[in-house]
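Everything below concerns the one structure shown next.
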Amino acid sequence: MTEQNTIANEQGAPPSSAWVRFLRTYGPTPNNLTMFDEYVAGAVGRAKVQPIALSTPMLEPMKVHVASGKPGSMLIAGTAGDGKTYHCRALWTSMGGDPREWAAKGNVKEHRLVDGRLAVFIKDLSEFNGEESDAPLARLEKSVLGGDDTEIVILAANHGQVLDRLRDLGRRQGRNHPLRKPLQEFFLQAGQEPERLAVFDLSRSVGRMALEEVVAAVAKHAEWNNCARCSLKSGGKICPIYENRERLLGTGDGAQLGRRLGDLVEIARLNGQHLPVRDLLALCANMILGHRDAKDGLMSCAEVAGIQEQGAVDRASVYGNACGANLPKRRLADRPVFKAMAAFGVGDETTNGADGLLVYGKDDVKLAPTFARLIGSDSVYGATPRLLSAQDKYLEGEEAARIDGGAAGFMELLQEQRRRLFFTLPLGEDGYPFWAMTVFRFAGEYLEMRAALQDKKAVAETVRGRLVRGLNRVMTGLLIDNVDRIFVASSGGFTQSRVSVLCDTEAPSRRVNGVGMAIKIDAKTGRPLLDVSLAQGAGNSVAFDLTPVRFEFLSRVAEGALPGSFSNECLEDMLAFKAKLLRKAELIRGRSHHDDEEAGADSGSLTLNFIDIEQGGHGFSRPITVRISE
-14 MTEQNTIANE
-4 QGAPPSSAWV
6 RFLRTYGPTP
16 NNLTMFDEYV
26 AGAVGRAKVQ
36 PIALSTPMLE
46 PMKVHVASGK
56 PGSMLIAGTA
66 GDGKTYHCRA
76 LWTSMGGDPR
86 EWAAKGNVKE
96 HRLVDGRLAV
106 FIKDLSEFNG
116 EESDAPLARL
126 EKSVLGGDDT
136 EIVILAANHG
146 QVLDRLRDLG
156 RRQGRNHPLR
166 KPLQEFFLQA
176 GQEPERLAVF
186 DLSRSVGRMA
196 LEEVVAAVAK
206 HAEWNNCARC
216 SLKSGGKICP
226 IYENRERLLG
236 TGDGAQLGRR
246 LGDLVEIARL
256 NGQHLPVRDL
266 LALCANMILG
276 HRDAKDGLMS
286 CAEVAGIQEQ
296 GAVDRASVYG
306 NACGANLPKR
316 RLADRPVFKA
326 MAAFGVGDET
336 TNGADGLLVY
346 GKDDVKLAPT
356 FARLIGSDSV
366 YGATPRLLSA
376 QDKYLEGEEA
386 ARIDGGAAGF
396 MELLQEQRRR
406 LFFTLPLGED
416 GYPFWAMTVF
426 RFAGEYLEMR
436 AALQDKKAVA
446 ETVRGRLVRG
456 LNRVMTGLLI
466 DNVDRIFVAS
476 SGGFTQSRVS
486 VLCDTEAPSR
496 RVNGVGMAIK
506 IDAKTGRPLL
516 DVSLAQGAGN
526 SVAFDLTPVR
536 FEFLSRVAEG
546 ALPGSFSNEC
556 LEDMLAFKAK
566 LLRKAELIRG
576 RSHHDDEEAG
586 ADSGSLTLNF
596 IDIEQGGHGF
606 SRPITVRISE
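Be aware that the sequence shown starts at -14, since it is given in the numbering used here, and climbs by one per residue.
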């Protein structure tokens, strides 16, 4: 943007410019200083704005633990950006610690508690290089393992970091450090925390609710009230910053954008992708301030006038910003949240119906009402002059739009509209399913299934049937359509075979009298799991963790996709599940044969159950007895 089009001096600056400048530092800038809690307090003071206030969900249990006087120490763990230092500072303040002392240099802070113990805060273990961490870890060890009750050490550290430092310390001491293994089991397997060490793992508290809190903290911030007297949004002018803030707030769509965004974050989390609060803040800041032509891809108030004059407001689309479309690929790869958003392929995936509407809808008599309702009704980011002009040139066959990549601009606009449609399509728009505009076409059904299981309701029969059909096709490598039973098949000895025509055992697709498949919620992961029981009694079942990507895999296979064409990793996971079922069936048969062995049974024959397919895709097992000659 040119200098003539900017508002440079502070006196004439828009009333919210200091706030927007502060919010911009939370975005995915090349040098993102708000990665560090210590920077925030100083930045708030310099900008003279109210800070972004987020809850400290673990603070109350931390305060209760300290007040209880329980012996030992405390570990505040998590990944980068989970708010470890934020919680540390809040706990320090709640104990009566001086904020100025906390802000002063030094990574170790001490405060005498009313019960006489010395609270030793180690703000960040990563600040200690190599063997420098031995001293704070020695204080922790003295309290936890040595029984010293004069101190309570409050240590903040990343998961991997504290495990690595304990391993290195143990190696130098010529032993396996006694805290390392129990901590590792606590982090990875939700095991018991070590005795005399209270562990608060912040990475377990992030998900849809955390996103909702971050959206509210940013979009409802009091500093936005200053925009009411800003000339950049007067006289019918659209300020893209304020427009994006209103859309994120949910003013015009009943908060649908926030719900769809929450769905994406939830699917990413259930797939094992951890999105810390810091990244959710970066996502919200980017959604409000993102613009493809702005410096670093993020707008300031000083750039808005130039954007308006150039008619480039539409290049600040909040829907594209949610997917990081305003950022260079290198910066997308630097932040987990934008990697996760990019992995959904929103805008890259589409349907014939959606593209037909976008390309021909304006001029097609049958499609025109739908086009007007779903696209034309949004003049800011929908049916913009830029889109309509490019659409006319493309349809009228202008030579420049047809050759030498001339249609690239129109294709980019189509991609942007697909992103907008994913976030704006209403529920029940049968001709235009919004999940079909992502790589997770069955994600909506996955979330519905999970919600039903959490509410202790039955899973939809269509979903159960599709899962069974997908399981059978992977287990056998055959195009069978059974939804009433599960075939556990082998190829006669090699369990990893892609095509298996020998039915080792069968199980009903629904749990009956303790046998068959049940779909449950795993209390530890919060994800659905398939539990296939091959016989009555405990210990006769095998469970399969059903992540969104595995659900998508089984659903796509059930609909006719080849297993190897979707995800080799998913296929290997499924074959490993089949191997466990075959092993379980073998163990059950071994016990049954031992208990019920028939005297004088014919040992010179072998019965094999071959899987046959009737016309129509129904599979059944056909026994064939083979005589074994000696």
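Glycine is no exception: its CB is placed at the ideal position from the N, C-alpha and C atoms.
Item	Value
Could you tell me the alpha carbon to alpha carbon distance between residue 245 and residue 408, rounded to whole angstroms?	6 angstroms
Any idea which residues DSSP pairs residue 598 with across the strands?	604
Taking 7 angstroms as the cut-off, decide whether the C-beta atoms of residue 202 and residue 39 are in contact.	yes
Quick check: what's the CA-CA separation for residue 511 versus residue 255?	8 angstroms
Can you give, in chain order, each stretch of the beta strand (DSSP E) that sits fully within the region 55 to 107 and has at least 3 residues?	58 to 63, 93 to 97 and 103 to 107
Going along the chain, which residues of its own chain have a beta-carbon closer than 7 angstroms to the beta-carbon of residue 302, five neighbours each way excluded?	366, 401 and 405
What does the Cβ neighbour count give for residue 595, buried or exposed, with the cut at 16 atoms within 10 Å?	exposed
Do you know offhand how far residue 9's Cα is from residue 539's?	42 angstroms
Less than 8 angstroms between the CB atoms is what I'm expecting for residue 308 and residue 332, so what's the real figure, rounded?	6 angstroms
In the DSSP output, which residue or residues are listed as bridge partners for residue 113?	Residue 113 is not bridged to any residue.
DSSP three-state call for residue 531: helix, strand or coil?	coil
Roughly how many angstroms lie between the CA atoms of residue 170 and residue 144, to the nearest whole one?	11 angstroms
If you run the structure through DSSP and keep just helix, strand and coil, what is residue 279?	coil
Nearest to residue 654 by CA position, among 434, 516, 356 and 305, is which residue?	For residue 654 there is no data in the structure shown, the boundaries of the chain being -14 and 615.
Compute the Euclidean distance between the alpha carbons of residue 207 and residue 178, then round it to the nearest angstrom.	41 angstroms
Over what stretch of residues does the beta strand (DSSP E) that includes residue 143 continue unbroken?	136 to 143
Where DSSP assigns a beta bridge to residue 592, which residues make up the other side?	610
Alpha carbon to alpha carbon, what distance is there between residue 312 and residue 318?	10 angstroms
Name the one or two DSSP bridge partners that residue 502 has.	517
Exposed or buried, what is residue 124 when buried is set at 16 or more other beta-carbons lying within 10 Å of its beta-carbon?	buried
Using a Cβ-Cβ cut-off of 7 angstroms (strictly less than) and excluding sequence neighbours within five positions of residue 21, which residues of its own chain qualify?	Here residue 21 scores only 49 on pLDDT, less than 50, and its place in the model should not be relied on; the value that follows carries that caveat. Correct list: empty, nothing qualifies.
Find out if the Cβ-Cβ distance for the pair residue 398, residue 372 is shorter than 7 angstroms.	yes
State the Cα-Cα distance for the pair residue 585 and residue 491, rounded to the nearest angstrom.	Confidence is the limiting factor: at residue 585 the pLDDT is only 47, short of 50, which leaves the residue's position unreliable, though a coordinate-based value still follows. Rounded to the nearest angstrom, the two C-alpha atoms are 27 angstroms apart.
Identify whether residue 623 lies in helix, strand or coil by the three-state DSSP scheme.	A question about residue 623 goes unanswered here, because the residues of the chain that appear run from -14 up to 615.
List the residues that DSSP assigns as beta-bridge partners of residue 184.	60
Would you check if the distance between the CB atom of residue 106 and the CB atom of residue 90 is smaller than 7 angstroms?	no
Can you check which of these residues, 472, 410, 69 and 82, is closest to residue 363 by C-alpha distance?	410
From the DSSP output, in three-state form, read off residue 471 for me.	strand
Taking the alpha-carbon of residue 194 as reference, which of 275, 249 and 565 has the nearest alpha-carbon?	249
Note down, in chain order, each residue of its chain lying with its Cβ closer than 6 angstroms to the Cβ of residue 488, except the 5 sequence neighbours on either side.	472, 474, 594, 596 and 606
Compute the Euclidean distance between the alpha carbons of residue 223 and residue 128, then round it to the nearest angstrom.	60 angstroms
Taking residue 57 as the reference, which of 65, 48, 131 and 84 has the closest Cα?	131
Buried or exposed: residue 626, going by 16 or more other Cβ atoms within 10 Å of its Cβ?	Residue 626 cannot be examined here, being either before or after the span of the chain that is shown, -14 to 615.
So what does residue 488 bridge to, in DSSP terms?	474
Check whether the region 434 to 448 touches the region 512 to 525, taking contact to mean three or more Cβ pairs, one atom from each stretch, closer than 8 angstroms.	yes
Please state whether DSSP places residue 163 in a helix, a strand or coil.	coil
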